[in-house]
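Protein sequences, first through last, are from chains S and A. Per our numbering, residue 1 is the first one in the first sequence, and the count goes up by one each step. Per our numbering, residue 1001 is the first one in the second sequence, and the count goes up by one each step. Even for Gly, the Cβ is constructed at its ideal location relative to N, Cα and C. Note that the coordinates shown come from a computational prediction; the quantities given were computed from them, not determined experimentally. Accompanying notes for the structure given below.
Number of protein chains: 2
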Amino acid sequence: MDESTRRLVPLARAESLRLLGTVPFGRVVFSRQALPAITPVTHVVDAGAIVIRGPGAPPVVPLAHDRAETVVAYEADVIDPLARIGWSVVVVGAARLVTDPRLLVRYEALLPRWVAEPEDQLIRITPELVTGYRFVNDNAVDAAVDAVPT
Amino acid sequence: MDESTRRLVPLARAESLRLLGTVPFGRVVFSRQALPAITPVTHVVDAGAIVIRGPGAPPVVPLAHDRAETVVAYEADVIDPLARIGWSVVVVGAARLVTDPRLLVRYEALLPRWVAEPEDQLIRITPELVTGYRFVNDNAVDAAVDAVPT
């Protein structure tokens, strides 16, 4: 057994956001009708915020109107499930629809659609809490996990 | 542009649980101090329930005592982020600590530890709501995504 060589290493905020920027997708977490909900989406990290785009229907994150905001969590990871090494980053912050026409053009280009749905949304998450862990096995070479996009 | 050939195909409950059983890990979603929280964990599907094991500290899902239960969501997916095809399954249900000594022995064997932490927990989720989608591109051969463990 090599369990004694396994550790969780907390990551600093900057390193967590950097890792988030190295992968193209994650999962957004929110409450829907008082139940926990989660949906996989694609993302880009832009000017310190996370912009997400998900499957069009149902809406990715329920927002009552164009200027509403709601607190969500956003998680991305690169994990080798057999070796149990890799990293996971979680951001908690306010989510809002992207409505600025210039930003819409920018993010439309960076984040391709998942499906042919006109109701498709672009959502911007402002990171408030940022936490990250690296799952390390001191007996294994785990640096290579960084390079694997999923 | 091939967007017009992209579709979300809802999956039946049985097919969703079957797909969940084909992968070794996912993410558990819950509320912590009124904020959405998410942690990657390993899982097995056993007798219709999902048994999860996560990094030992902090506790994977906050449960006040050995017989407490709390509603969580559990998500697993296999997604090719570049082709934007694959599947995602979400289960919502009650989570409880596994305390039965026979089941503990069984799941200890099926789910290796992530880290050397004695406070490590095994948690059983009873699926109530089960939803799943397949992300399809009719122009692409996406059956192969089933076979990719991550």
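Inter-residue Cα distance where the pair is residue i and residue j
i	j	result
residue 25/S	residue 1079/A	9 angstroms
residue 1014/A	residue 16/S	37 angstroms
residue 62/S	residue 1032/A	20 angstroms
residue 133/S	residue 1133/A	29 angstroms
residue 1128/A	residue 127/S	32 angstroms
residue 1054/A	residue 65/S	37 angstroms
residue 45/S	residue 1102/A	46 angstroms
residue 114/S	residue 18/S	24 angstroms
residue 1084/A	residue 88/S	21 angstroms
residue 40/S	residue 1067/A	32 angstroms
residue 121/S	residue 1043/A	31 angstroms
residue 1022/A	residue 110/S	32 angstroms
residue 112/S	residue 1112/A	37 angstroms
residue 81/S	residue 12/S	23 angstroms
residue 1092/A	residue 1005/A	30 angstroms
residue 1077/A	residue 77/S	12 angstroms
Under 9 angstroms from the C-beta of residue i: neighbouring residues of chain A
i	result
residue 108/S	What residue 108/S touches in chain A: nothing, since even the nearest Cβ is about 12 angstroms away.
residue 35/S	1071, 1073, 1092, 1129
C-beta contact flag for residue i and residue j at 8 angstroms
i	j	result
residue 1125/A	residue 29/S	no
residue 1071/A	residue 35/S	yes
residue 1007/A	residue 1100/A	no
residue 108/S	residue 90/S	no
residue 98/S	residue 51/S	yes
residue 1027/A	residue 96/S	no
residue 1009/A	residue 1136/A	yes
residue 1094/A	residue 1069/A	yes
Contact set between residue i and chain S, taken where Cβ atoms lie within less than 7 angstroms
i	result
residue 1051/A	Within chain S, no residue comes near residue 1051/A; the closest Cβ sits about 15 angstroms away, beyond 7 angstroms.
residue 1029/A	29, 36, 38
residue 1007/A	115
residue 1101/A	Going along chain S, no residue has its Cβ under 7 angstroms from residue 1101/A, so there is no contact; the nearest lies around 21 angstroms.
Neighbouring residues, chain S, relative to residue i (Cβ below 9 angstroms)
i	result
residue 945/A	Because chain A here runs from 1001 to 1150, residue 945/A falls outside it and cannot be looked at.
residue 1124/A	Those do not exist, as residue 1124/A stays about 17 angstroms from chain S at its closest Cβ, beyond 9 angstroms.
residue 1010/A	Result: empty, since nearest Cβ-Cβ is about 11 angstroms, beyond 9 angstroms.
Interface partners of residue i on chain A, CB under 7 angstroms
i	result
residue 79/S	1025, 1040
Under 8 angstroms by beta carbon: chain S residues contacting residue i
i	result
residue 1062/A	The premise fails here: residue 1062/A is roughly 13 angstroms from chain S at the closest Cβ pair, so nothing lies under 8 angstroms.
Same chain, Cβ closer than 8 angstroms to residue i, five either side skipped, listed in chain order
i	result
residue 1049/A	1124, 1125, 1126, 1127
residue 73/S	28, 29, 30, 90, 91, 92
Contacting residues, own chain, Cβ-Cβ under 7 angstroms from residue i (five flanking each side not counted)
i	result
residue 1086/A	1077, 1078, 1079, 1080, 1135, 1145
Output the residue ranges of the beta strand (DSSP E) runs that lie fully inside the segment 34 to 89 of chain S and measure 3 residues or longer, sorted by chain position.
35 to 46, 49 to 53, 69 to 80
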